[in-house]
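**Q** Those sequence lines, one after another, are chains V and H. Heads up, the first sequence is in the working numbering, so the first residue is 7 and it goes up one at a time. Heads up, the second sequence is in the working numbering, so the first residue is 7 and it goes up one at a time.
2 protein chains.
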Amino acid sequence: MPLTAVENARNLFIRRWGEMGASWGISRTMAELHALLYLSNEPLCTDDVMAQLSISRGNASMNLRELVNWGLIHRVHRRGDRKEYFEAEKDVWQMFETIIRERRRREVLPIVETIERCRSIVEAEKKTLPATLRRTAEEDQKRYADILEFCEVMNSIFNLVSRVGKTGVRPLAKALGKLAG
Amino acid sequence: MPLTAVENARNLFIRRWGEMGASWGISRTMAELHALLYLSNEPLCTDDVMAQLSISRGNASMNLRELVNWGLIHRVHRRGDRKEYFEAEKDVWQMFETIIRERRRREVLPIVETIERCRSIVEAEKKTLPATLRRTAEEDQKRYADILEFCEVMNSIFNLVSRVGKTGVRPLAKALGKLAG
DNA sequence: TATTCTATTCAGAACCTTTTGAAAGGACCG
DNA sequence: CGGTCCTTTCAAAAGGTTCTGAATAGAATA
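This is how it looks when you write it as structure tokens:
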């Protein structure tokens, strides 16, 4: 049975979403699964996704769990059916907020902590250093501080964007436009 | 010879930066190289980075080239020295702009193109479809449109932020504080 | 031109991630 | 209970990515 155009388009999207995920450090399959569920009008069960993506049960199970951990999909139960179904968050802005929040927690916080530690390590030694080396120490501290400041500003931008949410993004963009002159 | 605290801090930072890069889809070594050059006060040559990161010549060469392609470091030549030296962009906002611009070109544009294609594939078939299937087609189109809209808004936010960023971070942060109330 | 110094390339090795499938676990049902 | 249905786990295999180092190329010097 030939695929309909709608199905063809879905497959196209799923594959590209998978590729994009891969280049952003998310496993291809996990991203494809997410795309599949994002497009699907009703919740799908493990067997559905196994069939649609041609992957094994174990693979499906693990990646579905991981997506649940990320908060991008959730489990759905149906009366009189033992199977578990999965449904994706469909609001793109909510999706974005979830992704950023998770990545911040997993990947940004560790580097921020490390940089703060680096600063204080250098700070501690600085006093004991002769003038030439002290100069280097201060330059390093400046570099660390620059990244920390960047992180803080990005953080407020993200908080602001997520607070105003999907309804308010356009007004926000306008406000920023005014600031930018 | 024992490492100074400044050197210890550098190594700490370099390793973490590498890990972070890895989880964002950039090879660990490339990110470490970038961190090393970001911290370094003067340009380094291939042998310097080989020694400091304990990597092979080929590895150093390839990753340095890749960083040059990204626009995150540039080649520096010295009179009377055949070696090539490399120097990193030190302005964090400039760095950010470069990274986003490149990722947009490499990873966002392809998915945007694909989604536009998906939309028109569905659009073309929609007319020939009976009412029930047409409903599905329209829902799919909505999903595609939502992502495209998101990309457009993010795009303008990025443009504005990077415009403001160049002239100075502090005014932006202050303004955001006011907006956030 | 031959020599020296440096940069690049790339096949194979090493390493890391992802996937499979079978076994174990757990929940519900009769 | 024992059987059925579904999920999870995990060791081994497959598949991918990154790294090495020796060969190659190129460019400046003598």
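Note that the Cβ used here is the ideal one computed from N, Cα and C, for glycine as well. Only a predicted model underlies this, so the values are computations on that prediction, with no experimental measurement involved.
For E93 of chain H and R84 of chain H, what's the separation of their Cα atoms in angstroms?
**A** Going from the Cα of E93 of chain H to the Cα of R84 of chain H covers about 12 Å.
**Q** Hey, does T142 of chain V have any beta-carbon neighbour from chain H nearer than 8 Å?
**A** yes
**Q** Show which residues of chain V have a CB atom less than 7 Å away from the CB atom of M68 of chain H.
**A** Ordered by position in chain V, no residue passes the 7 Å Cβ test against M68 of chain H, which lies about 18 Å from the chain.
**Q** At a CB-CB cut-off below 8 Å, which residues of chain H make contact with C124 of chain V?
**A** Residues of chain H whose Cβ lies closer than 8 Å to the Cβ of C124 of chain V are, in chain order, A15, R16, L18, F19.
**Q** Just verifying my parser: in three-state terms, what is the DSSP assignment at L9 of chain H?
**A** coil
**Q** Which stretch, first to last residue, makes up the beta strand (DSSP E) that contains E90 of chain H?
**A** 87-94
**Q** So if DSSP puts C51 of chain V in a beta bridge, which residue, or which two residues, is it bridged to?
**A** The partner list for C51 of chain V (beta bridge, DSSP) reads V:Y91.
**Q** Output, in chain order, the set of chain H residues within a Cβ distance shorter than 7 Å of P116 of chain V.
**A** R22
**Q** Cβ of F102 of chain V less than 8 Å from any chain H Cβ?
**A** yes
**Q** To the nearest angstrom, report how far apart R169 of chain V and E48 of chain H are at their CA atoms.
**A** 42 Å
**Q** Under 7 Å between beta-carbons, which chain V residues line up against G31 of chain H? List them in chain order, please.
**A** S29, W30, G31
**Q** Could you tell me whether the Cβ atoms of I79 of chain H and E95 of chain H are closer together than 8 Å?
**A** yes
**Q** Quick one: which chain V residues come within Cβ less than 9 Å of R149 of chain H?
**A** F19, Y44, L45, K96, V98
**Q** In the DSSP assignment, what are the bridge partners of V175 of chain V?
**A** Paired residues: none, contrary to the question.
**Q** Among V:L139, V:T10, V:F164, V:V167, whose alpha-carbon lies nearest the alpha-carbon of T10 of chain H?
**A** V:L139
**Q** Considering Cα atoms alone, identify which of V:I153, V:Q100, V:I127, V:D152 is closest to G77 of chain V.
**A** Closest option to G77 of chain V, Cα to Cα, is V:Q100.
**Q** So, does the CB of T173 of chain V fall closer than 8 Å to a CB anywhere in chain H?
**A** no
**Q** Sort V:V12, V:L39, V:K148 by Cα distance to E122 of chain V and report the nearest one.
**A** V:K148
**Q** Please name the residue in H:S60, H:N65, H:E119, H:I20 whose C-alpha comes closest to that of L43 of chain H.
**A** H:I20
**Q** Is the distance from the Cβ of G63 of chain V to the Cβ of T52 of chain V below 8 Å?
**A** Reading off the sequence, residue 63 of chain V comes out as Arg, not Gly. Yes.
**Q** With the cut-off set at 8 Å, would you say F156 of chain V and V167 of chain H are in Cβ contact?
**A** 8 Å or more divides the Cβ of F156 of chain V from the Cβ of V167 of chain H.
**Q** Going straight from the alpha carbon of E13 of chain H to that of T120 of chain V, what length do you get?
**A** Between E13 of chain H and T120 of chain V, the C-alpha separation is close to 14 Å.
**Q** Is E108 of chain H close to the ligand GTP? I mean its beta-carbon at under 7 Å from any heavy atom of the ligand.
**A** Questions concerning the ligand GTP fall outside what the structure shown contains, since it holds no ligand whatsoever.
**Q** Consult DSSP for I117 of chain V and reduce its assignment to one of helix, strand or coil.
**A** Helix, per DSSP.
**Q** What did DSSP end up calling I61 of chain H once you bin it into helix, strand or coil?
**A** Coil, per DSSP.
**Q** Nearest to G31 of chain H by alpha carbon, out of V:R109, V:N161, V:T173, V:R141?
**A** Per the Cα distances, V:R109.
**Q** With H, G and I counted as helix, E and B as strand and the rest as coil, what does DSSP make of I79 of chain H?
**A** strand
**Q** Which same chain residues end up closer than 8 Å to Q58 of chain H when comparing Cβ atoms and leaving out the 5 residues on each side of it in sequence?
**A** L42, L50
**Q** Taking D54 of chain V and A15 of chain H to be in contact with their CB atoms under 8 Å, please state how far apart those CB atoms are, rounded to whole angstroms.
**A** In fact, because the Cβ distance is near 51 Å, the residues do not count as touching under 8 Å.
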